[in-house]
Structures are given as structure tokens and as C-alpha cells.
Amino acid sequence: MNIQENKNTVFAAVEAATQEANCPKNSVSVIAVTKYVDSSLAKELVKAGVQHIGENRVDKFLDKYQALSSENVTWHLIGSLQRRKVKEVINYVDYFHALDSVKLAEEIHKRAAKPVKCFLQVNVSGEESKHGFSVDEIDAALEAMLHLDKVELVGLMTMAPFEASHEELDAIFSKTEKLRKELAARKIPHMPFTELSMGMSGDFTEAIENGSTFVRIGTAFFR
Ligand SMILES: *Cc1c(COP(=O)(O)O)cnc(C)c1O
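The number in this note's numbering is simply the position in the sequence shown, starting from 1, with 1202 added.
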């Protein structure tokens, strides 16, 4: 496994998809998801030029955060977060990608020392197993979060089913982008909804074609 080569390959593929989508150069941020590897490999990635690191579990997030404290890293917590763990981690998180309940938003607001950039996780595919708000739950959720000004809703996050076809991916990602635009147009304080967190190793091309601004890529860095 050659980390520098893999980094170059992934970034080139993301840039190619970005160009293909007629989006400006460097408009898509690549989050390297390091949940499969230890801190030394994560550090190698940063040395190879990766800025954004993502972890899906609190304990592993904190391990990497400590081990890479001397590096210039933007930290992403991408997995579901239990309310009781918010206080352990939230003040080290630059972006939280899996906001899936109002109660969790309330806990973040209570524990955060300053506003935290959060993605509202939405389940547009309607798949039972997926976390996140369904489309018809969003209005009430935003209403309930109006006073939680330390929860900065920068955008929407979604995950497509693992086995989705190209057409299904297009449908899910374009629906998410359409929803994001509608929410952004409302211009609600601390809810800019300018960003989209979607796309992983297997589907980032389709995600970028549909307006993603943050892709979360794990496997492709470590083969
Ligand atoms: C693991 C994970 C990823 C990365 O998936 P790959 O298929 O390995 O690229 C992205 N997002 C979340 C929430 C994850 O847990």
C-alpha cells in the first residue's frame, strides 16, 4: 500500500469528477475516513497532503485527534453520536455530519463552547436501516432548532444504499441537492445550508455530479 500514490489517485479522480460536473476547481473537499487504519497511517495521509480527516466513532476520533495534535487537520465526526458522548468530543469537532434528532441538537447546543458546523442527516431513500430525518420530518425539526444557535446547520448529509444502481444514486443525490436548495433559500439564521456531504469510495462520482461539496472517502485510500 502506497499512501502517497493512493492519495494522488483519489484526489485526481475527485478533480476529474468536479470538472465533469462543471464545478470550480477545488470546490469539493475530500475527507479521508481513517476508521480502518491506525493513527500512523492517518498521519501519513496528512503528510501526503490531506487536510480533512473523518472518523465515525467517538473513541477512535479522540485517538486520532490526540495522535495528530501537531498537524494542521480539519476534524470531521461522520458517524452517529450518542447523546451521552457529546460532551467528550464535541469541542474537538470542526464538522459533525450525522445530526439525526432534535434531542441530539439540544445536547450539542448545551455542551458546545462555540458554534459547531453540523450536517442534518437525511434519509431520502426511505431505507429502514438508515439513520436520519425523513423529508417530511424536516420542517418541524428546523422549527425546534431555531433557538439552538450553537448548532450551525451548514448542509445536508446523506448515505445511499450500498447496492444502489447508477440511476438510483442519481435519484437520491439529486433529490438531496434539491432539498438543500429549498432550505438555503429560506435564509434561516444559523442554518445556511450551503454544503452537501455525500459520496463515498463507491459513489463519489455520482455525488459530485449532483452538487456534493464534501465527499467521505475511506477504502479507496487504503488499497
Ligand atoms: C466508513 C464511512 C465512509 C467511507 O466509506 P468507504 O466506502 O470506505 O469510502 C463514509 N461515510 C461514513 C458515514 C462512513 O461510516
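Glycine is no exception: its CB is placed at the ideal position from the N, C-alpha and C atoms.
Residue state for VAL1324 is assigned as strand, using DSSP reduced to three classes.
DSSP links ARG1418 through a beta bridge to ILE1233.
In this structure, the straight-line span from the alpha carbon of GLY1413 to that of ASP1261 is close to 31 angstroms. In this structure, ligand 1 has a non-hydrogen atom nearer than 8 angstroms to the beta-carbon of TYR1238. A contact between stretches requires three or more CB pairs, one per stretch, nearer than 8 angstroms, and the segment 1311-1321 meets this requirement with the segment 1343-1354. DSSP places LEU1247 inside the alpha helix (DSSP H), whose first and last residues are 1241-1249. Under a 10 Å Cβ-count criterion, HIS1368 is classified as exposed, with fewer than 16 other Cβ atoms of the shown protein chains found around its own Cβ.
Per DSSP, reduced to three states, the secondary structure at PHE1424 is coil, with no helix or strand assignment. The DSSP-derived three-state label of VAL1260 is helix. Taking all protein chains in view, the Cβ of PHE1423 is crowded by 16 or more other Cβ atoms within 10 Å, so the residue is classified as buried. Taking 9 angstroms as the cut-off, the beta carbon of VAL1324 is found no closer than this to the beta carbon of VAL1304. In this structure the segment 1209-1219 lies against the segment 1402-1421, because at least three pairs of beta carbons, one per stretch, are closer than 8 angstroms.
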